[in-house]
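In our numbering, the protein residues as written are 172 to 564. We put the beta carbon where it would ideally sit given N, CA and C, even for glycine. First the structure, in the form of structure tokens, and then the observations on it.
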């Protein structure tokens with residue numbers, strides 16, 4: 172039997188999926204295998220609402236890296252580093268004494284918490300906890316038993332083949348496995364909002380492709396590199412993805428030349444939606460994702476959003492719509508995109524910003540202002556210049 176340390180990944184919403192549960196579990200196991208591949212050779216399988224990730228015998232595995240990676244897999248609600256042993260009290264006590272020796276050295280009190288997933292096991296959970304706890308108290312006489320507020324909790328799980336001993340699990344990413352919620356194209360700028368909105372939709376199982384608009388010479392290569400870095404940071408959660416780069420200079424210059432200044436931003440957003448939808452159709456995606464929050468800027472009022480959505484024929488998902496900036500910043504810090512998002516490189520959303528943007532535009536006014544443009548020609552030429560870059564973890 173393998174006494175090496177391993178990972179126990181507990182499933183979240185996946186267990187509620189009824190007849191579809193198996194397909195969700197299969198996708199999650201595939202995602203975990205792919206994410207742990209760079210950390211070594213692991214055998215990954217699912218039993219009783221738990222994914223087991225065991226290092227292949229004889230192979231060197233970076234358990235610390237695997238532990239971090241597993242916590243970022245959507246669909247996993249908690250992760251514990253554990254050691255398997257025989258399903259006897261002496262084996263469990265011996266394993267806990269050895270594996271948690273450093274934790275016992277630091278602790279002043281402890282308790283044992285047991286879970287019996289194998290209902291054929293002759294002892295119930297309370298009996299296991301009492302037996303293991305009593306023996307551990309004799310082995311560590313300087314550590315008192317405290318069942319209410321212990322410094323250390325020793326977790327014992329009695330499962331099909333083995334018992335598993337571990338310290339407290341840590342929270343995982345939660346949500347649903349990426350790939351089970353369909354595919355969508357997210358409009359990725361260099362700001363705080365769009366990486367967070369992308370992360371939130373990936374957490375609902377959506378597989379992402381990104382589209383980013385560039386306007387040289389008004390935007391720099393550093394601005395594009397910043398966006399690619401944001402995409403790479405998101406791959407730690409979402410897996411590898413494509414970032415589509417679409418040239419936007421001609422469109423913005425035409426808008427500035429021919430349209431009323433107060434409608435610059437809204438007409439620009441309408442073109443972004445058209446182009447993002449064209450990318451989405453090529454990619455087989457079924458929805459668009461934006462980082463808009465109601466009322467945050469002039470182009471995000473209800474009437475402005477309606478004018479933007481007018482040109483889209485597929486759903487536009489806005490997970491940040493009811494969030495304020497403080498919440499968005501907090502989430503950006505938590506998912507690791509904040510420091511990159513605040514780098515001072517301008518994106519095309521800030522090019523030709525009107526001094527007095529229209530906040531309550533009627534749809535008829537916007538359409539009239541836009542009617543002087545060769546919409547189809549501008550979209551077609553921008554799509555001809557499209558390129559893409561694959562970003563990986």
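Asked	Found
Through-space distance from residue 220 to residue 305, alpha-carbon basis	30 Å
Counterpart residues of residue 262 in DSSP-defined beta bridges	Answer is none; residue 262 lacks a bridge partner.
Complete runs of the beta strand (DSSP E) confined to the region 270–319 [at least 3 residues]	280–287
Proximity of residue 462 and residue 367 at Cβ, strictly below 8 Å	yes
Contact check, residue 180 vs residue 250, beta carbons under 8 Å	yes
Exposure of residue 484, with buried meaning 16 or more beta-carbon neighbours within 10 Å	exposed
Distance between residue 420 and residue 553 (C-alpha atoms, nearest Å)	9 Å
Backbone CA spacing between residue 302 and residue 260 [nearest angstrom]	7 Å
Collapsed DSSP secondary structure at residue 392 in the structure displayed	helix
Inter-residue CB distance, residue 464 and residue 492 (contact presumed, cutoff 8 Å)	6 Å
Unbroken beta strand (DSSP E) run spanning residue 249, endpoints	247–256
Candidates 558, 559, 508 and 544, of which the one nearest residue 429 by Cα	544
Nearest to residue 519 (by Cα), restricted to the options 237, 494, 433 and 385	385
Where residue 168 falls, given that 16 or more other Cβ within 10 Å makes a residue buried	Lying before the first or after the last residue shown, residue 168 is absent from the chain, which here runs from 172 to 564.
Beta-carbon proximity check, residue 482 vs residue 441, cutoff 8 Å	yes
Rounded separation between residue 282 and residue 345 - CA only	27 Å
Reduced DSSP category for residue 195 - H, G, I as helix; E, B as strand; rest coil	helix
Residue 436 burial status per 10 Å Cβ neighbour count (16 or more: buried)	buried
Proximity below 8 Å, CB of residue 278 to CB of residue 322	yes
Cα-Cα separation, residue 402 to residue 265	46 Å
Residue environment, residue 423, which counts as buried when at least 16 other CB atoms sit within 10 Å	buried
Extent of the continuous alpha helix (DSSP H) run through residue 474	473–480
Buried/exposed call for residue 551, threshold 16 Cβ in 10 Å	exposed
Cβ neighbour criterion (16 or more within 10 Å) applied to residue 332	exposed
C-alpha gap between residue 448 and residue 459, whole angstroms	7 Å
First through last residue of the beta strand (DSSP E) which encompasses residue 236	Premise fails: residue 236 lies in the alpha helix (DSSP H), 234–242, not in any beta strand (DSSP E).
Between the CA atoms of residue 562 and residue 258 - distance to the nearest angstrom	45 Å
Neighbour-count burial assignment, residue 541, 16 or more Cβ in a 10 Å radius	buried
Completely contained alpha helix (DSSP H) runs for the region 435–472, where each covers 4 or more residues	435–454
Outcome for residue 397 when other beta-carbon atoms lying within 10 angstroms are tallied against a minimum of 16	buried
Exposure label - residue 364; buried when at least 16 CB within 10 Å	buried
Entirely enclosed alpha helix (DSSP H) segments - the region 526–561, minimum 4 residues	534–541 and 546–555
Bounding residues of the alpha helix (DSSP H) (the contiguous stretch that carries residue 504)	496–506
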